[in-house]
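Asks: Residues 79 to 220 (this note's numbering) make up the sequence shown, in order.
Glycine included, every Cβ here is placed at the ideal spot set by N, Cα and C.
Because the structure is a prediction, the values reported are computed rather than measured.
What follows is a single structure, and I will ask about it in a moment.
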Amino acid sequence: MRHSSPLSIPVRLILLFATLGWIASAIIINPKIISPKAKTVWPAGSIQTVTWSTQDIPEKDATGTIVLGYLSGKEGDTNEHLDYKNPLATGFKLTKGRQNIVIPNVEERKTYIIVLFGDSGNASPMFTITNPTPSKNARSRR
Numbered sequence: 079m080r081h082s083s084p085l086s087i088p089v090r091l092i093l094l095f096a097t098l099g100w101i102a103s104a105i106i107i108n109p110k111i112i113s114p115k116a117k118t119v120w121p122a123g124s125i126q127t128v129t130w131s132t133q134d135i136p137e138k139d140a141t142g143t144i145v146l147g148y149l150s151g152k153e154g155d156t157n158e159h160l161d162y163k164n165p166l167a168t169g170f171k172l173t174k175g176r177q178n179i180v181i182p183n184v185e186e187r188k189t190y191i192i193v194l195f196g197d198s199g200n201a202s203p204m205f206t207i208t209n210p211t212p213s214k215n216a217r218s219r220r
């Protein structure tokens with residue numbers, strides 16, 4: 079016995095393509111950060127390069143933003159203390175896989191993270207920023 083659908087083949091194809099388009103637009107760009115690594119130490123004021131995997135970036139025009147944050151280390155505290163007001167870089171193409179940044183004049187801490195935003199965010203492992211001579215203008219990041 080043959081089952082017939084109330085929808086014609088062209089209508090079913092249109093619905094299929096509409097569904098596939100919706101799924102494609104829901105793809106999240108969340109590149110894995112390669113550098114900095116967990117044992118990285120960057121001095122305040124230095125120029126450093128953040129690198130990430132470009133393997134799963136579907137759009138060649140997708141742009142990113144890099145922000146600095148830190149973890150408090152207190153049990154149960156999941157706040158990343160991200161400094162959205164002072165991004166380290168914005169508007170670069172994610173397909174580059176790298177972006178130079180200037181490490182800001184911040185307090186020395188071993189729990190800094192870099193977060194790379196495409197249309198989602200991906201955090202690096204914790205790393206250290208050293209600042210042997212912090213000035214009165216060093217941002218606290220607390």
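Excluding the 5 residues preceding and the 5 following residue 167 in the sequence, name in chain order all residues of the same chain whose CB lies nearer than 6 angstroms to its CB.
Replies: Residue numbering aside, residue 167 sits at position 89 when the sequence shown is read from its first letter. Contacts found: 144, 177, 179.
Asks: On the DSSP letters alone, give me the boundaries of the beta strand (DSSP E) that residue 113 sits inside.
Replies: Against the sequence shown, residue 113 aligns to sequence position 35. Start and end: 111-113.
Asks: Between the stretch 131-144 and the stretch 183-195, do three or more beta carbon pairs fall short of 8 angstroms?
Replies: A contact exists between the stretch 131-144 and the stretch 183-195.
Asks: Are the stretch 114-121 and the stretch 202-212 touching, with three or more C-beta to C-beta distances below 8 angstroms?
Replies: With a cut-off of 8 angstroms, the stretch 202-212 and the stretch 114-121 count as touching, because enough Cβ pairs lie within range.
Asks: Measure from the C-beta of residue 151 to each C-beta in chain D and report whether the shortest distance is under 8 angstroms.
Replies: Although the question refers to chain D, the structure presented lacks it and comprises just one protein chain.
Asks: Who are the Cβ neighbours of residue 174 in its own chain at under 8 angstroms, not counting the five residues just before and after it?
Replies: One-based indexing of the sequence shown puts residue 174 at position 96. Answer for residue 174: 132, listed in chain order.
Asks: Measure the Cβ-Cβ separation of residue 114 and residue 146 and say whether it is below 8 angstroms.
Replies: Your numbering for residue 114 matches position 36 in the sequence shown. Your numbering for residue 146 matches position 68 in the sequence shown. In this structure, residue 146 does not lie closer than 8 angstroms to residue 114 by Cβ.
Asks: In the DSSP output, which residue or residues are listed as bridge partners for residue 167?
Replies: As a first step, residue 167 is located in the sequence shown; it is residue number 89 there, counting from the start. 144.
Asks: Report yes if the C-beta distance between residue 149 and residue 158 is below 8 angstroms; otherwise report no.
Replies: Walking along the sequence shown from the start, residue 149 turns up at place 71. Walking along the sequence shown from the start, residue 158 turns up at place 80. Cβ distance < 8 angstroms, so residue 149 and residue 158 count as in contact.
Asks: Taking all protein chains shown into account, decide if residue 134 is buried (16 or more other Cβ within 10 angstroms of its Cβ) or exposed.
Replies: Within the sequence shown, numbered from 1, the residue matching residue 134 stands at position 56. It is exposed - the Cβ of residue 134 has fewer than 16 other Cβ atoms within 10 Å.
Asks: Looking only at its own chain, which residues have a Cβ that is under 6 angstroms from the Cβ of residue 124, when we skip the five neighbours before and after it?
Replies: As a working mapping, residue 124 is identified with position 46 in the sequence shown. For residue 124, where only same-chain residues beyond five positions count, the Cβ hits under 6 angstroms are 181.
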